[in-house]
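1 is the number of the first residue of the sequence shown in full-length UniProt numbering; add one for each residue after it.
We put the CB at the ideal spot given by N, CA and C, even for glycine.
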Amino acid sequence: MYFCGPDVNVSNRVLRNYPMNTDNFLRVSFVDEEFGKWSSPDLSPHRWHNRKFEFFAFSSSQLRKNSVSIASRTGPIAADIRAWMGDFLQIRNVAKYAARLGEFFGLSKETLNVNRKETVILPDVRGGTTYIISDGIGKVSADFARKVAIKCGLKTSTPSAYQIRYGGFKGVVAVDPTSPMKLSLRNSMSKYDSYITKFDVLAWSKYQPCFPNRELITLLSTLGVKDHVFQKKQREAVDQLDKILEDSLTAQDALELMSLEENTNILKEILMYG
(Lines of atoms letter the chains of each structure in order from A; the text may use other names.)
(Lines give C-alpha, C1' and ligand atoms only; values in the text may rest on other atoms or scores of the structure.)
Protein backbone atom coordinates (compact mmCIF):
# COMPACT_ATOMS: atom_id res chain seq x y z
CA MET A 1 0.00 0.00 0.00
CA TYR A 2 1.39 3.40 -1.03
CA PHE A 3 0.24 6.86 0.02
CA CYS A 4 0.54 9.51 -2.70
CA GLY A 5 -0.12 13.23 -2.80
CA PRO A 6 -1.58 15.50 -1.78
CA ASP A 7 -2.25 16.54 -5.38
CA VAL A 8 -3.46 19.92 -6.62
CA ASN A 9 -6.96 19.39 -7.97
CA VAL A 10 -10.36 21.00 -8.35
CA SER A 11 -12.67 20.51 -5.36
CA ASN A 12 -15.98 18.67 -5.35
CA ARG A 13 -19.37 19.25 -3.74
CA VAL A 14 -18.76 16.99 -0.73
CA LEU A 15 -15.40 18.49 0.25
CA ARG A 16 -16.76 22.02 -0.08
CA ASN A 17 -19.66 21.24 2.23
CA TYR A 18 -17.36 19.67 4.84
CA PRO A 19 -14.26 21.93 4.69
CA MET A 20 -13.16 21.02 8.21
CA ASN A 21 -13.22 17.29 7.44
CA THR A 22 -11.22 17.04 4.22
CA ASP A 23 -8.70 14.76 5.94
CA ASN A 24 -11.48 12.26 6.56
CA PHE A 25 -11.84 11.49 2.84
CA LEU A 26 -9.40 9.50 0.74
CA ARG A 27 -9.32 8.44 -2.89
CA VAL A 28 -8.07 4.88 -3.28
CA SER A 29 -6.89 3.26 -6.51
CA PHE A 30 -6.68 -0.53 -6.75
CA VAL A 31 -3.78 -1.48 -9.05
CA ASP A 32 -1.31 -4.33 -9.40
CA GLU A 33 2.50 -4.12 -9.33
CA GLU A 34 2.57 -2.64 -12.84
CA PHE A 35 -0.24 -0.15 -12.08
CA GLY A 36 -2.75 -2.16 -14.10
CA LYS A 37 -6.35 -2.60 -12.97
CA TRP A 38 -6.94 -4.96 -10.08
CA SER A 39 -9.86 -7.22 -10.94
CA SER A 40 -11.01 -7.95 -7.36
CA PRO A 41 -10.64 -4.87 -5.11
CA ASP A 42 -11.31 -5.25 -1.40
CA LEU A 43 -14.00 -2.72 -0.37
CA SER A 44 -14.29 -3.84 3.25
CA PRO A 45 -13.47 -1.27 5.98
CA HIS A 46 -9.75 -0.69 6.61
CA ARG A 47 -7.82 1.04 9.39
CA TRP A 48 -5.10 3.53 8.47
CA HIS A 49 -3.29 5.81 10.93
CA ASN A 50 -5.64 4.83 13.77
CA ARG A 51 -8.72 5.75 11.75
CA LYS A 52 -11.20 3.37 10.23
CA PHE A 53 -12.20 4.10 6.64
CA GLU A 54 -15.13 2.59 4.78
CA PHE A 55 -16.32 2.66 1.18
CA PHE A 56 -18.44 5.69 0.38
CA ALA A 57 -18.92 6.35 -3.35
CA PHE A 58 -17.23 6.62 -6.74
CA SER A 59 -17.53 8.99 -9.69
CA SER A 60 -17.63 7.88 -13.32
CA SER A 61 -14.02 8.97 -13.86
CA GLN A 62 -12.94 7.08 -10.72
CA LEU A 63 -14.71 3.97 -11.99
CA ARG A 64 -12.70 4.10 -15.22
CA LYS A 65 -9.49 4.35 -13.17
CA ASN A 66 -10.48 1.57 -10.73
CA SER A 67 -10.70 4.11 -7.89
CA VAL A 68 -13.20 4.83 -5.12
CA SER A 69 -13.72 7.44 -2.42
CA ILE A 70 -13.63 6.27 1.18
CA ALA A 71 -14.61 8.11 4.35
CA SER A 72 -13.35 7.90 7.92
CA ARG A 73 -15.84 6.98 10.62
CA THR A 74 -14.31 9.68 12.85
CA GLY A 75 -15.64 12.34 10.47
CA PRO A 76 -19.19 12.98 9.26
CA ILE A 77 -21.24 9.79 9.19
CA ALA A 78 -21.78 8.48 5.67
CA ALA A 79 -25.54 8.29 6.23
CA ASP A 80 -25.62 11.98 7.21
CA ILE A 81 -23.69 12.94 4.08
CA ARG A 82 -26.11 10.99 1.89
CA ALA A 83 -29.04 12.68 3.63
CA TRP A 84 -27.50 16.08 2.85
CA MET A 85 -27.04 15.06 -0.78
CA GLY A 86 -30.73 14.43 -1.37
CA ASP A 87 -33.51 11.87 -1.45
CA PHE A 88 -32.49 8.75 -3.37
CA LEU A 89 -35.26 6.45 -2.12
CA GLN A 90 -36.99 6.34 -5.49
CA ILE A 91 -33.84 4.94 -7.15
CA ARG A 92 -34.11 1.16 -6.90
CA ASN A 93 -31.33 0.26 -9.35
CA VAL A 94 -28.04 -0.26 -7.47
CA ALA A 95 -25.79 0.90 -10.32
CA LYS A 96 -27.85 4.05 -10.86
CA TYR A 97 -27.88 4.76 -7.12
CA ALA A 98 -24.07 4.52 -6.99
CA ALA A 99 -23.78 6.77 -10.04
CA ARG A 100 -25.97 9.45 -8.44
CA LEU A 101 -23.83 9.45 -5.29
CA GLY A 102 -20.70 9.61 -7.40
CA GLU A 103 -21.88 12.78 -9.13
CA PHE A 104 -21.07 14.68 -5.93
CA PHE A 105 -17.42 13.67 -6.29
CA GLY A 106 -17.11 15.06 -9.81
CA LEU A 107 -14.63 17.94 -10.02
CA SER A 108 -16.56 21.20 -10.17
CA LYS A 109 -16.47 24.91 -9.36
CA GLU A 110 -18.97 26.39 -6.92
CA THR A 111 -20.31 29.69 -8.23
CA LEU A 112 -23.51 31.29 -6.93
CA ASN A 113 -26.63 30.43 -4.96
CA VAL A 114 -29.83 30.25 -6.99
CA ASN A 115 -33.07 30.45 -5.03
CA ARG A 116 -35.77 28.04 -6.16
CA LYS A 117 -37.99 31.06 -6.87
CA GLU A 118 -35.45 32.16 -9.48
CA THR A 119 -35.82 28.93 -11.45
CA VAL A 120 -38.53 27.56 -13.71
CA ILE A 121 -39.25 24.08 -15.03
CA LEU A 122 -39.75 24.03 -18.80
CA PRO A 123 -41.50 21.21 -20.67
CA ASP A 124 -39.21 19.00 -22.70
CA VAL A 125 -39.23 19.25 -26.48
CA ARG A 126 -40.26 15.88 -27.85
CA GLY A 127 -39.94 14.28 -31.25
CA GLY A 128 -42.84 11.90 -31.64
CA THR A 129 -43.86 10.00 -28.52
CA THR A 130 -40.55 8.60 -27.27
CA TYR A 131 -37.60 10.77 -28.32
CA ILE A 132 -36.77 13.77 -26.10
CA ILE A 133 -34.95 16.34 -28.24
CA SER A 134 -34.15 18.61 -25.28
CA ASP A 135 -32.91 15.75 -23.06
CA GLY A 136 -30.65 17.26 -20.37
CA ILE A 137 -30.58 20.74 -21.92
CA GLY A 138 -31.81 23.81 -20.03
CA LYS A 139 -31.33 27.57 -20.30
CA VAL A 140 -29.64 30.32 -18.31
CA SER A 141 -30.13 34.09 -18.57
CA ALA A 142 -27.38 36.20 -20.14
CA ASP A 143 -26.89 38.30 -16.99
CA PHE A 144 -26.56 35.28 -14.72
CA ALA A 145 -24.28 33.54 -17.22
CA ARG A 146 -21.95 36.54 -17.08
CA LYS A 147 -21.82 36.44 -13.27
CA VAL A 148 -21.05 32.72 -13.40
CA ALA A 149 -18.28 33.35 -15.94
CA ILE A 150 -16.65 35.88 -13.59
CA LYS A 151 -16.83 33.35 -10.74
CA CYS A 152 -15.10 30.84 -13.01
CA GLY A 153 -12.30 33.32 -13.70
CA LEU A 154 -13.47 34.21 -17.21
CA LYS A 155 -13.27 38.00 -17.17
CA THR A 156 -13.14 38.75 -20.91
CA SER A 157 -15.80 36.46 -22.36
CA THR A 158 -18.96 34.57 -21.44
CA PRO A 159 -19.33 30.94 -22.54
CA SER A 160 -22.43 30.04 -24.53
CA ALA A 161 -23.10 26.92 -22.42
CA TYR A 162 -22.23 25.37 -19.06
CA GLN A 163 -22.20 21.78 -17.83
CA ILE A 164 -23.78 22.05 -14.40
CA ARG A 165 -25.00 20.43 -11.21
CA TYR A 166 -27.80 22.16 -9.32
CA GLY A 167 -29.49 20.27 -6.51
CA GLY A 168 -30.74 17.06 -8.08
CA PHE A 169 -30.48 18.47 -11.61
CA LYS A 170 -27.63 17.74 -14.00
CA GLY A 171 -26.97 18.52 -17.63
CA VAL A 172 -26.10 21.51 -19.80
CA VAL A 173 -27.59 25.01 -19.79
CA ALA A 174 -27.27 27.29 -22.81
CA VAL A 175 -27.36 31.09 -22.65
CA ASP A 176 -30.72 32.55 -23.69
CA PRO A 177 -30.63 36.39 -23.92
CA THR A 178 -34.46 36.49 -23.85
CA SER A 179 -34.86 34.43 -20.67
CA PRO A 180 -36.30 36.41 -17.72
CA MET A 181 -35.38 33.66 -15.22
CA LYS A 182 -31.89 32.97 -13.96
CA LEU A 183 -32.21 29.26 -14.53
CA SER A 184 -34.63 27.31 -16.72
CA LEU A 185 -34.53 23.57 -16.09
CA ARG A 186 -36.31 20.58 -17.61
CA ASN A 187 -37.77 17.40 -16.16
CA SER A 188 -35.22 15.34 -18.10
CA MET A 189 -32.48 17.07 -16.07
CA SER A 190 -33.96 16.01 -12.72
CA LYS A 191 -32.37 12.84 -11.31
CA TYR A 192 -33.42 13.02 -7.64
CA ASP A 193 -34.83 15.47 -5.07
CA SER A 194 -32.39 17.78 -3.28
CA TYR A 195 -32.58 21.08 -1.39
CA ILE A 196 -29.06 22.17 -2.40
CA THR A 197 -29.15 25.56 -4.15
CA LYS A 198 -25.49 25.91 -5.11
CA PHE A 199 -24.90 26.34 -8.85
CA ASP A 200 -21.85 24.18 -9.59
CA VAL A 201 -20.04 24.24 -12.92
CA LEU A 202 -18.14 21.23 -14.24
CA ALA A 203 -17.15 22.67 -17.63
CA TRP A 204 -18.07 25.35 -20.13
CA SER A 205 -17.96 25.77 -23.89
CA LYS A 206 -14.49 26.63 -25.19
CA TYR A 207 -12.24 25.97 -28.10
CA GLN A 208 -10.61 22.54 -28.23
CA PRO A 209 -7.20 21.92 -29.76
CA CYS A 210 -7.32 19.77 -32.89
CA PHE A 211 -4.64 17.22 -33.72
CA PRO A 212 -4.34 15.16 -36.90
CA ASN A 213 -5.02 11.46 -36.50
CA ARG A 214 -4.69 8.59 -38.95
CA GLU A 215 -8.16 9.09 -40.42
CA LEU A 216 -7.67 12.84 -40.92
CA ILE A 217 -4.25 12.35 -42.53
CA THR A 218 -5.72 9.75 -44.90
CA LEU A 219 -8.52 12.14 -45.84
CA LEU A 220 -6.13 15.04 -46.48
CA SER A 221 -3.86 12.76 -48.53
CA THR A 222 -6.75 11.80 -50.79
CA LEU A 223 -7.43 15.52 -51.27
CA GLY A 224 -3.91 16.10 -52.56
CA VAL A 225 -1.86 17.06 -49.49
CA LYS A 226 1.67 15.69 -49.94
CA ASP A 227 3.34 13.39 -47.41
CA HIS A 228 6.24 15.80 -46.78
CA VAL A 229 3.74 18.29 -45.27
CA PHE A 230 2.78 15.82 -42.52
CA GLN A 231 6.42 14.87 -41.96
CA LYS A 232 7.34 18.53 -41.52
CA LYS A 233 4.55 19.04 -38.97
CA GLN A 234 5.68 15.95 -37.09
CA ARG A 235 9.28 17.19 -36.90
CA GLU A 236 8.08 20.58 -35.62
CA ALA A 237 5.99 18.90 -32.91
CA VAL A 238 8.88 16.69 -31.77
CA ASP A 239 11.26 19.67 -31.73
CA GLN A 240 8.81 21.61 -29.57
CA LEU A 241 8.58 18.71 -27.10
CA ASP A 242 12.37 18.68 -26.85
CA LYS A 243 12.53 22.43 -26.19
CA ILE A 244 9.89 22.56 -23.43
CA LEU A 245 12.44 21.07 -21.03
CA GLU A 246 14.87 23.92 -21.76
CA ASP A 247 12.80 27.01 -22.60
CA SER A 248 9.94 28.23 -20.38
CA LEU A 249 8.38 30.30 -23.20
CA THR A 250 8.23 27.22 -25.43
CA ALA A 251 6.67 25.30 -22.54
CA GLN A 252 3.97 27.97 -22.17
CA ASP A 253 3.23 27.82 -25.90
CA ALA A 254 2.92 24.03 -25.68
CA LEU A 255 0.50 24.27 -22.75
CA GLU A 256 -1.69 26.61 -24.79
CA LEU A 257 -2.31 23.73 -27.20
CA MET A 258 -3.39 21.39 -24.44
CA SER A 259 -6.88 21.02 -23.03
CA LEU A 260 -7.78 23.85 -20.63
CA GLU A 261 -8.01 21.76 -17.47
CA GLU A 262 -7.24 23.04 -13.98
CA ASN A 263 -3.85 21.33 -13.77
CA THR A 264 -2.81 22.91 -17.09
CA ASN A 265 -3.71 26.37 -15.76
CA ILE A 266 -1.66 25.75 -12.63
CA LEU A 267 1.36 24.74 -14.71
CA LYS A 268 0.98 27.94 -16.75
CA GLU A 269 1.01 30.05 -13.59
CA ILE A 270 4.11 28.24 -12.29
CA LEU A 271 5.94 28.93 -15.56
CA MET A 272 4.87 32.59 -15.57
CA TYR A 273 6.28 33.15 -12.09
CA GLY A 274 9.51 31.35 -12.93
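Inter-stretch contact at 8 Å, needing at least 3 Cβ pairs: the stretch 193-204 / the stretch 164-177 = yes
inquiry  = Less than 6 Å between C-beta atoms, sequence neighbours within five positions excluded: which residues of the same chain meet that for S184?
reply    = V120, L122, G138 and K139
query = Can you tell me whether DSSP reads T250 as helix, strand or coil?
reply = helix
key: Where the alpha helix (DSSP H) containing K96 begins and where it ends   = V94 to G102
Span separating the alpha-carbon of T218 from that of P212 = 10 Å
request  = Indicate whether the contact test is met: 3 or more Cβ pairs, each with one atom in the stretch 80-99 and one in the stretch 184-198, closer than 8 Å.
outcome  = yes
ask   = Would R214 be called buried (16 or more neighbouring beta carbons within 10 Å of its own) or exposed?
value = exposed
message = Using DSSP's beta-bridge definition, name the partner residues of S141.
response = D176
query = With which residues is V238 paired in a DSSP beta bridge?
reply = DSSP, once it has assigned bridges, lists no residue as partnering V238.
inquiry  = Nearest by alpha-carbon distance to F56: which of K232, N50 and F105 is it?
reply    = F105
task = With DSSP collapsed to three states, give me the class of K206.
result = coil
request  = For the alpha helix (DSSP H) holding E54, just list the boundary residues, first then last.
outcome  = Counting along the chain, E54 falls outside any alpha helix (DSSP H), though it belongs to the beta strand (DSSP E) covering R51 to A57.
ask   = Which of the three DSSP states, helix, strand or coil, is assigned to I77?
value = coil
task = Can you say whether T178 is buried or exposed, counting buried as having 16 or more other CB atoms within 10 angstroms of its CB?
result = exposed
Assigned secondary structure, D193 (DSSP; H/G/I helix, E/B strand, else coil) = strand
request  = Hey, could you find the ends of the alpha helix (DSSP H) I217 is sitting in?
outcome  = R214 to T222
Where D200 falls: helix, strand or coil (DSSP) = strand
ask   = For Y162, which beta-bridge partners are listed by DSSP?
value = V173 and W204
ask   = In terms of residue numbering, what span does the alpha helix (DSSP H) encompassing R186 cover?
value = First-last for R186: L183 to R186, but that is the beta strand (DSSP E), not the alpha helix (DSSP H).
task = Could you check which residue in D227, M181, V238 and M189 has the C-alpha nearest to that of R116?
result = M181
inquiry  = Is there a Cβ of chain C sitting closer than 9 Å to that of R51, yes or no?
reply    = Annotation note: the requested chain C is absent from the structure, which comprises a single protein chain.
message = Using only the alpha-carbon positions, how far apart do R92 and T111 sit?
response = 32 Å
message = Give me the residue from S141, E54, T129 and A99 with the minimum Cα distance to E118.
response = S141
ask   = Could you give the residue range of the alpha helix (DSSP H) that holds V14?
value = R13 to N17
Boundaries of the beta strand (DSSP E) in which L26 is found, first to last residue = F25 to S29
ask   = N21 by DSSP, collapsed to three states: which one?
value = helix
message = So, under 8 Å CB-CB, K52 and S72 are touching, yes? Tell me the CB distance rounded to an integer number of Å.
response = 7 Å
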